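Under this note's numbering, read the sequence shown as residues 1 to 230, first letter to last.
Backbone N, C-alpha and C fix where the C-beta goes; we use that ideal spot for every residue, glycine too.
Here the structure is a predicted model, which is why all the values come from computation and not from measurement.
Scroll down for the structure; my scribbles are underneath it.
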Amino acid sequence: MSLPPVWHHRSVRVAGVDGRRGGWVVATVDLSRSPRLESLDYVAPLAPLLEQELAVIAIDMPIGLSDSGARECDVAARKLLQPHGTRVFPAPPRVALAHVDDYDAACRASTAATGKSLSKQTWNLLRSIAEVDALAADPRLVECHPELAFALMQGHPVDERKKTPEGRARRLDLLRRWLPDLGDPAYGDDGLDALACAWSAARIATGTALTLPAGEVPSDDAGRPMRICA
């Protein structure tokens, strides 16, 4: 299943966004002719990005949040990325967003809702997830996952870890198939991930993106779609 194309939007620009300590790395790509990287920047906060003329903003951060267990989209994404399914972190339940400053309280809320606690890694994302949640009524903001994007670019998951020289070189090679003039992006693997998110944003804009789960997409209690697009 794919999302419908959004070329009726007057913009032919898209953005890919990846979280980075204290803010976000944003890759903006112009699709008016052949894809061209406009900018790769660090921004904080995220809200001003939504004031730009962008058709799609694909972000590597959970948007729809379940309070009743694992999200179908996460399960499907892990399956597609096997044997590297652990690259998809479990999304926290929505009730945990009330406890961005208290790890123990967030764990108690998660356990009460789902029967499972939160890892410190997941809890550390809560503030960023809450920032995105406050903006998620904008339909241009769509959840994606860079490792799914790289897997689709290549035809199978990338075996090399992204923080290794081999992993960076492989992902950069895949991105250059889409953006032939791409140099050596800044911001380490966050820069590569933002560019991969922009690749997914372009596919969403043209109606060619993969949407997980297949079929009807469930929504959370706030009406946010629990889906990952790539």
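Beta-carbon spacing of V29, V17 below 7 Å: Residue numbering aside, residue 29 sits at position 29 when the sequence shown is read from its first letter. Residue numbering aside, residue 17 sits at position 17 when the sequence shown is read from its first letter. Cβ distance not < 7 Å, so V29 and V17 don't count as in contact.
D38 in three-state terms, based on DSSP: Residue numbering aside, residue 38 sits at position 38 when the sequence shown is read from its first letter. Inspection of the sequence shows that residue 38 is occupied by Glu rather than by Asp. Three-state DSSP puts E38 in a strand.
G207 classed as buried or exposed, judged by whether at least 16 other C-beta atoms fall within 10 angstroms: The residue labelled residue 207 in the question sits at position 207 within the sequence shown. Flag for G207 reads exposed.
Pick from H99, D104 and A70 that is closest to V88, judged by C-alpha positions: Residue numbering aside, residue 88 sits at position 88 when the sequence shown is read from its first letter. Per the Cα distances, A70.
Cβ-Cβ distance between D60 and D181 below 7 Å: If you number the sequence shown from 1, residue 60 lands on position 60. If you number the sequence shown from 1, residue 181 lands on position 181. For D60 and D181, no; Cβs fall outside 7 Å.
Residue closest to A130, alpha-carbon to alpha-carbon, out of G23, A15, R13 and V14: Your numbering for residue 130 matches position 130 in the sequence shown. Considering only alpha carbons, the answer is G23.
S32 versus A202: straight-line alpha-carbon distance, rounded: Taking the first residue of the sequence shown as position 1, residue 32 is located at position 32. Taking the first residue of the sequence shown as position 1, residue 202 is located at position 202. Cα to Cα, S32 sits roughly 11 Å from A202.
DSSP state of I57 mapped onto helix, strand, coil: Along the sequence shown, read from residue 1 onward, the residue named residue 57 stands at position 57. DSSP places I57 in strand when its eight states are reduced to three.
Whether A196 touches P146 by CB criterion (7 Å): As a first step, residue 196 is located in the sequence shown; it is residue number 196 there, counting from the start. As a first step, residue 146 is located in the sequence shown; it is residue number 146 there, counting from the start. It is a contact, given that the beta carbons lie within the stated cut-off.
G16 - containing beta strand (DSSP E), residue span: Along the sequence shown, read from residue 1 onward, the residue named residue 16 stands at position 16. Looking at the DSSP string, the run of the beta strand (DSSP E) that includes G16 is R13 to R20.
Straight-line gap, D74 to G155 (C-alpha atoms, nearest Å): On the sequence shown, position 74 is the one that residue 74 refers to. On the sequence shown, position 155 is the one that residue 155 refers to. Straight-line Cα distance between these residues: approximately 19 Å.
Beta-carbon proximity list for A149, same chain, < 6 Å, skipping 5 on both sides: For the purposes of this step, residue 149 is taken as residue 149 along the sequence shown, with counting starting at 1. Excluding positions up to five away in sequence, the list reads A196, W199, S200 and A230.
A76 beta carbon less than 7 Å from that of V95: Locating residue 95 in the sequence shown gives position 95, where the first residue counts as 1. Locating residue 76 in the sequence shown gives position 76, where the first residue counts as 1. In this structure, A76 does not lie closer than 7 Å to V95 by Cβ.
Three-state class that DSSP yields for P225 in the structure shown: Looking up residue 225 in the sequence shown gives position 225. In the structure shown, P225 sits in a strand (DSSP, three-state: E or B).
Closest Cα partner of P83 within the set E160, L40, G115 and A136: As a first step, residue 83 is located in the sequence shown; it is residue number 83 there, counting from the start. Comparing Cα positions, the closest option is E160.
Pair within 7 Å by beta-carbon distance, P35 and L212: Counted from its first residue, the sequence shown places residue 35 at position 35. Counted from its first residue, the sequence shown places residue 212 at position 212. Cβ distance not < 7 Å, so P35 and L212 don't count as in contact.
Backbone CA spacing between D124 and P225 [nearest angstrom]: Against the sequence shown, residue 124 aligns to sequence position 124. Against the sequence shown, residue 225 aligns to sequence position 225. Here the sequence assigns Asn to residue 124, which means Asp is not the residue at that position. So the two alpha carbons sit approximately 22 Å from each other.
Cβ-based burial, P232 [other Cβ within 10 Å; buried from 16]: Residue 232 lies beyond the range of the chain shown here (1 to 230); nothing can be said about it.
For R170 and C107, the rounded distance between their alpha carbons: As a working mapping, residue 107 is identified with position 107 in the sequence shown. As a working mapping, residue 170 is identified with position 170 in the sequence shown. Looking at the two C-alpha atoms, the distance is approximately 37 Å.
Cβ separation of A15 and L54, assumed to be a contact under 8 Å, to the nearest whole Å: Sequence index remark: in the sequence shown, residue 15 carries index 15 (1-based). Sequence index remark: in the sequence shown, residue 54 carries index 54 (1-based). The Cβ separation is near 5 Å, so the contact holds.
Three-state class that DSSP yields for A105 in the structure shown: Walking along the sequence shown from the start, residue 105 turns up at place 105. In the structure shown, A105 sits in a helix (DSSP, three-state: H, G or I).
The alpha helix (DSSP H) enclosing G23, as first and last residue numbers: Looking up residue 23 in the sequence shown gives position 23. Premise fails: G23 lies in the beta strand (DSSP E), G23 to D30, not in any alpha helix (DSSP H).
Collapsed DSSP secondary structure at A169 in the structure displayed: For the purposes of this step, residue 169 is identified with residue 169 of the sequence shown, where counting begins at 1. DSSP places A169 in helix when its eight states are reduced to three.
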